[in-house]
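There are 2 protein chains.
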Amino acid sequence: MKLSKKVESMQFSPIRRFNPFGFKAEADGKKVYHLNIGQPDVETPECFMDAIRAYDKKVIAYAESGGINDLRDAVCDYFKGYNMDFAPEDIMVTTGGSEALNMTFLTILNEGEEVLIPEPFYTNYHTFATAAGGKVVPITTKTEDGYHYADKDQIESCITPKTRAICCLNPGNPTGTVLTLDEMKLICEIAKKHDLWIIADEVYREFVYDGREMASFGMLPEYSDRVIIIDSVSKRYSACGARIGFAICKNKEFNSGMMKIAQGRLCVSTIDQVGAAALFRMPKSYYDEVKAEYCGRRDVVYEELMKIPGVVCQKPGGAFYLTAKLPVDDVEDFLMFLLTEFDDHGETVMFAPAAGFYATPGLGKNEMRIAYVLNQKDMKRGTELIKLGLEAYNKKLGK
Amino acid sequence: MKLSKKVESMQFSPIRRFNPFGFKAEADGKKVYHLNIGQPDVETPECFMDAIRAYDKKVIAYAESGGINDLRDAVCDYFKGYNMDFAPEDIMVTTGGSEALNMTFLTILNEGEEVLIPEPFYTNYHTFATAAGGKVVPITTKTEDGYHYADKDQIESCITPKTRAICCLNPGNPTGTVLTLDEMKLICEIAKKHDLWIIADEVYREFVYDGREMASFGMLPEYSDRVIIIDSVSKRYSACGARIGFAICKNKEFNSGMMKIAQGRLCVSTIDQVGAAALFRMPKSYYDEVKAEYCGRRDVVYEELMKIPGVVCQKPGGAFYLTAKLPVDDVEDFLMFLLTEFDDHGETVMFAPAAGFYATPGLGKNEMRIAYVLNQKDMKRGTELIKLGLEAYNKKLGK
C-alpha cells in the first residue's frame with residue numbers, strides 16, 4: 010500500500026528524535042534536565058478549569074464553526090486592551106495555533122507556491138506548508154547577528170514569482186529573536202510591494218524582555234488586508250493541552266475561505282473554548298507576572314552560558330527559547346555523549362540540536378536550542394551540566 | 010490578495026445555506042422543527058463531565074501526539090468487546106472524526122488521485138479530499154434501491170488508474186443505509202483486486218436496527234492491511250462538541266505517515282480525551298438504550314412519511330438519517346415555501362435538501378434528508394408539517 014508523496018516528504022519531529030536515549034538514561038537512574046521541550050512547568054491559571062467545571066449544559070453540542078461568541082468577544086477585548094481593533098468575525102477559533110497555520114496555508118498556497126520563513130524556524134511549519142502543497146523557502150539568519158532577518162535586501166533576494174507569503178514567528182522559536190514595530194513595518198512594506206501575505210505567528214507576543222514594549226503586526230492597520238495573525242492560548246496561559254488557537258484577519262475574502270475549511274471540520278472543542286474565554290478575561294497583570302518569571306529564567310541561562318568558553322549567543326529578547334553555537338563540530342554527537350556516557354553526580358542534560366530547525370542542509374550542526382521552561386534553579390543546573398559535559402567531551406576527544 | 014484554487018473549489022456547508030431563512034421564520038414568531046441538522050438532543054452521559062471535573066493536574070500540558078494512553082486503552086477494550094483485536098499503537102486519536110478523515114486523505118492521496126464515495130454522501134468528504142489535493146468520484150445510488158451500492162460491477166466501473174481508495178460511511182449519512190458483513194467482504198475483495206485502501210467511516214456503528222447485528226470492517230482481519238476505520242465519540246455518545254475521533258489501522262506504514270502529521274499538530278485536547286476515556290468505559294447496555302431511542306424515532310418518521318402520497322423511501326437500517334424523494338420538482342423551492350410562506354398553527358419545519366449531498370450535478374433535486382435527532386413527538390409533528398406543507402405547496406402551484 011503506497012502513501013502520498015506529501016507525507017513521505019514530511020519528517021518526524023526532530024526534537025523528539027533523541028527522546029528514546031533520554032528515557033534510557035532515566036531508566037538507568039540518571040536525572041535528566043529537560044531543556045529540550047517547549048512544555049512550560051508554569052501552572053495553568055485556575056480560572057480555566059473553574060470555568061469548565063461550572064459548565065452545566067446537558068448536551069456537549071457542536072459549537073459554531075468560527076468559535077463560540079463568548080470566546081471571540083473575549084479575544085476582541087484582549088486586543089482592545091492593546092489598542093487593536095478586531096471584530097468577532099475577524100477571529101477564527103482553531104484547534105491550537107497548529108490548525109490556524111494549517112488552514113491558513115491551505116487557504117493561500119497553491120501547489121508549488123512558496124512561503125518565506127527565517128531559518129532556523131519552528132519545524133512544524135514545514136509539515137503545514139507541505140500538507141497544503143506549498144514549499145518553505147528559508148531566509149537564512151546567523152547566530153552572530155542574533156538571528157535577525159529584517160533586512161530588505163536579504164528578504165527580497167528570496168522572493169520569486171512563486172512567493173505568496175512571508176511568515177514571521179515573533180518572538181521567535183527557536184531563536185527568541187524579537188522584531189521591533191519599525192522592523193514589522195519594513196516587512197509589511199516589502200509584502201505590499203510584492204503583493205504577499207504576512208503570516209504573523211505571535212503566540213509568544215507577551216513574552217518580551219528588557220523594557221521592550223509588546224508589539225504586534227496588528228498595530229499596523231494600513232496593512233491589515235494582508236496580515237494574518239496566528240495566536241494561541243498554549244504558551245501565553247501555559248495551557249498547551251487546551252488546543253485553542255486563532256487565525257485573526259481583517260481580509261473578508263481570506264476569512265470566507267477559512268470558513269469553508271472550518272465548516273468542513275465542524276467546530277473546535279466546546280469545553281476548551283469555555284475555559285479559554287475565562288483565560289482571556291484575566292487582568293493584564295497576569296502577563297507581567299509570567300513575563301517576569303521567564304525573564305528571570307532567561308537571565309540565569311544566559312549568564313551560565315556565558316561562562317562556557319567558545320559559546321556564541323546574543324541575549325534573546327523574547328519567547329522562552331535561546332539558540333547558541335557550542336564549541337563542538339557536531340552538536341548531535343555531543344548530545345549523544347551527554348545522554349549515554351556523561352553524568353555529574355548522577356545528573357545530565359538534554360537540549361534540542363538546532364540542525365532540525367534549518368531548511369538548508371548542513372546549517373546548524375554546531376548549534377543547540379534551549380527552552381527555558383523550568384524553574385531558575387533547574388535551568389542553572391541544566392546549563393552548568395552543558396558546561397561540565399563539554400569539558401568531559403573535549404577530554405574524551407583529546408582536546 | 011488571491012486565495013488558493015483548492016479553497017476556491019470548496020463549498021460552504023449546503024446544510025447551513027437555509028439557516029438564515031429558518032432564523033428569520035423564528036424571528037417572525039414561527040416555531041420551526043429542525044429536522045435539518047445532525048446535532049442530537051440526547052444527553053451526553055454524565056461520566057464525560059464527571060471525569061473532566063475530577064481532572065486535577067496543575068498544568069494542562071500537551072498530550073502524546075497519538076493520544077493519551079488511557080483513552081487508547083479504553084478504545085482497544087471497546088473493540089475487544091466486539092471480538093476485534095487492536096493494539097494501542099493502532100489507535101490514532103484525532104480532533105473529531107473530521108481530523109481523522111483529513112489526515113487519512115493527506116496520507117494516502119497524491120494530487121489528482123481519486124477516492125470513490127457512494128453518493129449521496131456526507132458533504133464534508135469533498136472538503137477533506139480537496140484539501141489533500143484529491144478528487145471525489147461518486148458511485149451513484151438510487152432511492153428506489155434504498156441507496157445500496159455494494160455492487161461489484163457498479164463499483165468497478167468507477168475505478169480508474171488514479172483510484173486510491175473506496176470510502177464507505179456505514180451506516181450512511183444522509184441515507185441511513187447499512188452494509189452487511191458479506192457486502193463489506195465484497196468491497197474488501199474489490200479493494201484487494203485493485204490495490205485500494207478502504208476508508209471505513211463507522212461513526213454510527215452501534216446505530217443499526219431491526220435485529221441487524223453491529224458489523225465492522227474491523228471484523229475482516231484478512232484485509233486489515235488496507236482498512237482504515239474512522240471513529241468518533243460525537244454521535245455514539247452524543248458528544249459532538251467533544252471533538253474526539255480516531256483513525257484505526259493495522260498497517261504500520263500508514264500509521265507512521267499519520268504520526269508525522271500528528272506530531273506536526275502536536276496533540277488533541279487533553280481534557281476532551283480524559284472525558285472520552287470515561288465514555289468508552291461505559292457498559293454496552295448504554296448503546297442498547299440509545300439505539301432503542303433512535304429506532305423509535307425512525308419508526309415514527311417513516312410511518313408519517315408513508316402517509317404522504319408520492320413519497321419514495323425505503324426504511325433506513327441505521328444511523329439517524331433518512332433520505333426520501335418528495336413529489337415536487339425542486340425540493341429547495343419547497344423548503345423556501347415552508348420557511349417563508351407556510352405555517353400550520355404558527356409552526357413549520359426545516360429539512361436538508363439532498364442535492365448538496367450529490368457530486369453529480371442535477372441529482373437529488375427532489376430529495377430531502379431528515380435527521381431524526383429530536384424526540385418522537387417532535388419528529389412526528391415535524392413530519393406531519395412536511396405533509397401539510399406539501400398540500401399547501403401544491404395548492405399554491407395549482408396542482
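Quick note, the sequences are listed as chains A and B, same order. For the first sequence, this note's numbering gives the first residue as 10, with consecutive numbering after it. For the second sequence, this note's numbering gives the first residue as 10, with consecutive numbering after it. Cβ coordinates follow ideal geometry from the N, Cα and C atoms, glycine included.
By the 8 Å beta-carbon criterion, what residues does the region 14 to 33 of chain A contribute toward chain B?
Lys14, Lys15, Val16, Glu17, Met19, Gln20, Phe21, Ser22 and Arg25
At 4 residues or longer, and completely inside the region 77 to 113 of chain A: list those alpha helix (DSSP H) runs for me, N to C.
78 to 89
If you follow the beta strand (DSSP E) that His43/B is in, where does it begin and where does it stop?
Lys40 to His43
Counting pairs of beta carbons, one from the region 284 to 298 of chain A and one from the region 78 to 97 of chain A, are three or more of them closer than 8 Å?
yes
Report the start-end ranges of each beta strand (DSSP E) in the region 158 to 233 of chain B that is 3 residues or longer and not cut off at the edges.
172 to 178 and 206 to 210
Helix or strand or just coil, what does DSSP make of Thr392/B?
helix
Checking contacts by CB at 9 Å: is Ile257/A closer than that to chain B?
no
Who are the Cβ neighbours of Glu393/B in its own chain at under 7 Å, not counting the five residues just before and after it?
Glu313
Glu17/A classed as buried or exposed, judged by whether at least 16 other C-beta atoms fall within 10 angstroms
exposed
Going along chain B, which residues have a C-beta under 9 Å from Ala286/A?
By Cβ distance, chain B contributes nothing, its closest Cβ being about 14 Å from Ala286/A, past 9 Å.
Comparing the C-beta of Cys276/A with each C-beta of chain B, is any distance below 9 Å?
yes
Please state whether DSSP places Lys14/A in a helix, a strand or coil.
helix
Given a limit of 8 Å on CB to CB distance, which residues of the region 43 to 68 of chain B reach chain A?
Gln48, Pro49, Asp50, Val51, Glu52, Thr53, Phe57, Met58, Ile61, Arg62, Tyr64, Lys67 and Val68
Taking the alpha carbon of Thr104/B as the point to measure from, which residue in Glu302/B, Glu376/B, Phe366/B and Arg252/B has its own alpha carbon closest?
Arg252/B
Quick one: Cα of Phe95/B to Cα of Phe263/B, how far?
15 Å
Buried or exposed (CB count within 10 angstroms, at least 16 for buried), Lys408/A:
exposed
Rounded to a whole number of angstroms, what is the C-alpha to C-alpha distance between Ile379/A and Leu331/A?
5 Å
Comparing alpha-carbon positions, which option in Asp387/B, Gly391/B and Phe360/B lies nearest Gly47/B?
Phe360/B
Is there a C-beta anywhere in chain A that falls below 9 Å from the one on Arg235/B?
yes
Between Leu406/B, Phe366/B and Ala72/B, which lies nearest to Arg25/B when the distance is taken from Cα to Cα?
Phe366/B
Grab the span of the beta strand (DSSP E) containing Phe255/B for me, first residue to last.
Gly254 to Cys258
Just the Cα atoms here: how many angstroms apart are Pro147/B and Gln20/B?
17 Å
Need the endpoints of the beta strand (DSSP E) that Tyr330/A sits in, please.
Tyr330 to Lys334
Contact list for Lys269/A against chain B, beta-carbon separation under 8 Å
Val16, Met19, Gln20, Phe21 and Thr136
Can you name the start and end residues of the alpha helix (DSSP H) that Met268/A belongs to?
Lys261 to Gly273
Go through its chain and collect everything with a Cβ distance to Thr369/B's Cβ below 8 Å, but skip five positions before and after it.
Glu128, Pro147 and Thr149
Cα-Cα separation between Ile199/B and Glu165/B, rounded to whole angstroms
7 Å
When DSSP labels each residue in this structure, what does Ala361/B get in the three-state scheme?
strand
Span of the alpha helix (DSSP H) holding Ala63/A?
That residue, Ala63/A, is in no alpha helix (DSSP H); it is neither H nor E in DSSP.
Keeping to the same chain, check which residues put their C-beta closer than 8 Å to that of Ala109/A; ignore five residues upstream and five downstream.
Met101, Thr103, Ile239, Asp240, Ser241, Gly254, Phe255 and Ala256
State the start and end residues of the unbroken alpha helix (DSSP H) segment that holds Ala138/B.
Asn133 to Ala140
Between the region 322 to 340 of chain B and the region 184 to 201 of chain B, are three or more C-beta pairs nearer than 8 Å?
yes
Mind checking if Phe216/A is an interface residue toward chain B, Cβ cutoff 9 Å exclusive?
no
Rounded C-beta distance between Tyr296/A and Glu400/A? I'm assuming under 8 Å.
With 8 Å as the limit, Tyr296/A and Glu400/A do not qualify as a contact, their Cβ atoms being about 39 Å apart.
Just curious, the beta strand (DSSP E) that Thr310/B is in, first and last residue?
Residue 310/B is actually Val in this sequence, not Thr. Element bounds for Val310/B: not the beta strand (DSSP E) but the alpha helix (DSSP H), Ser294 to Leu314.
Residue environment, Asp352/B, which counts as buried when at least 16 other CB atoms sit within 10 Å
buried
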